[in-house]
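Okay, so the sequence shown: first residue is 2 according to my numbering, each after it adds one.
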Amino acid sequence: MMLLLIALGVLAAAAAGSVVVYQRGAAARLASVDGTARLPPKGVPGERPRPEPTLETLQQGDVVLDGDEDFVVMGTLSYREEQDAWALHALDGGAVQRFLEVRGRSGVVQASFLEPVDDAPLFGSLGQGLTYRGKALSLEARGDARATAHGEARRAGGLLRYARFTGPGGALLIVEQAGTERRALFGHLAPTSTLTIYPGELNRARS
Numbered sequence: 002m003m004l005l006l007i008a009l010g011v012l013a014a015a016a017a018g019s020v021v022v023y024q025r026g027a028a029a030r031l032a033s034v035d036g037t038a039r040l041p042p043k044g045v046p047g048e049r050p051r052p053e054p055t056l057e058t059l060q061q062g063d064v065v066l067d068g069d070e071d072f073v074v075m076g077t078l079s080y081r082e083e084q085d086a087w088a089l090h091a092l093d094g095g096a097v098q099r100f101l102e103v104r105g106r107s108g109v110v111q112a113s114f115l116e117p118v119d120d121a122p123l124f125g126s127l128g129q130g131l132t133y134r135g136k137a138l139s140l141e142a143r144g145d146a147r148a149t150a151h152g153e154a155r156r157a158g159g160l161l162r163y164a165r166f167t168g169p170g171g172a173l174l175i176v177e178q179a180g181t182e183r184r185a186l187f188g189h190l191a192p193t194s195t196l197t198i199y200p201g202e203l204n205r206a207r208s
């Protein structure tokens, strides 16, 4: 019985710590110049409660907690290539702007944190592999996908070409081109067990 009480106490403390971290990050965002603009619109009166969000059901306004950092989902690009589908979420952490890619692999959900880079090779100079920022990367996939933008996705939707390169330590480089617009994102896999998702309603309650 004593061990059970101790275990419950530890779990309660961990949950409280996560809430404190979330609230601290939310306060920092609100204190910034355009802090209130980062809050999603309030829910519609009488709207049915939404199920608890997961990585696969993230939407605008949800909060992703990673350690002592938390990010608001500002928008999403939903990609589709034949039967394959994945999402790239634009995250706002106040002083830090990132992307979170979420995709399924053989029934397993994978998440990757990414940031825009301007020194990666683009289409026309991409092969089966390359060395980028000291990491040997191999081509994982390339093709054409259609992207649909939701919210503040930081990019318009439409048809685009993409190439994905992976390497040691979960390194990931994504290169995209839509017409004359080009973009490269670099980052790494994030253990899904370390990520906590809070629903956007928590943000709306603060507005």
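Positions of the beta carbon are idealized from the N, C-alpha and C atoms, including for glycine. Note that this is a predicted model, so its numbers are computed, not measured.
Close Cβ partners of residue i (< 7 Å) along its chain, the five nearest in sequence each way excluded
i: Gly152; result: Gln61, Met75, Gly76 and Thr77
i: Glu57; result: Val103 and Val110
i: Asp248; result: The chain is shown only over 2 to 208; residue 248 falls outside these bounds and no answer can be derived.
i: Ala154; result: Gly76, Thr77, Leu78 and Ala91
i: Phe114; result: Arg99, Leu101, Gly188, His189 and Ala191
Spatially closest choice to residue i from the options, by CA coordinates
i: Gly158; options: Pro169, Arg165 and Asp145; result: Asp145
i: Asp85; options: Arg104, Leu161, Pro122 and Val73; result: Arg104
i: Thr195; options: Glu83, Arg51, Leu89 and Ala112; result: Ala112
i: Leu131; options: Val65, Arg147 and Ala172; result: Ala172
i: Pro117; options: Tyr80, Ser126, Leu101 and Val110; result: Leu101
i: Leu127; options: Arg134, Ser139 and Gly135; result: Ser139
i: Gly135; options: Thr167, Glu82 and Phe114; result: Thr167
i: Glu83; options: His189, Arg147, Ala185 and Thr193; result: Arg147
i: Arg156; options: Ala185, Arg51 and Thr193; result: Ala185
Residues that residue i bridges to, as DSSP identifies them
i: Thr77; result: His90 and His151
i: Asp67; result: Glu70 and Leu196
i: Gly188; result: Leu115 and Leu173
i: Gln178; result: Arg162 and Arg183
i: Leu101; result: His90 and Phe114
i: Asp85; result: Glu82
i: Arg106; result: Val109
Beta-carbon contacts of residue i that lie in its chain and below 8 Å, excluding the five residues immediately before and after
i: Phe124; result: Arg162, Ala164, Val176, Gln178 and Arg183
i: Glu141; result: Arg165, Phe166 and Thr167
i: Thr193; result: Leu56, Val110, Gln111 and Ala112
Outcome for residue i when other beta-carbon atoms lying within 10 angstroms are tallied against a minimum of 16
i: Thr220; result: Residue coverage of the chain in this structure runs from 2 to 208, which leaves residue 220 outside it and unanswerable.
i: Thr181; result: exposed
i: Val65; result: buried
i: Arg99; result: buried
i: Pro169; result: exposed
i: Asp120; result: exposed
i: Leu160; result: exposed
i: Pro200; result: buried
i: Ala96; result: exposed
i: Ala191; result: buried
i: Ala137; result: exposed
Residues near residue i by beta carbon distance below 6 Å, same chain, minus five either side
i: Phe187; result: Val118 and Leu174
i: Arg143; result: Ala164
i: Thr149; result: Ser79 and Gly158
i: Ala88; result: Thr77, Ser79 and Val103
Residue i Cβ short of 7 Å to the ligand SAH heavy atom set
i: Asp93; result: The ligand SAH is not part of this structure, which contains no ligands at all.
| said: At 3 residues or longer, what runs of the beta strand (DSSP E) sit wholly inside the segment 129-167? | reply: 130-133, 136-152 and 159-167
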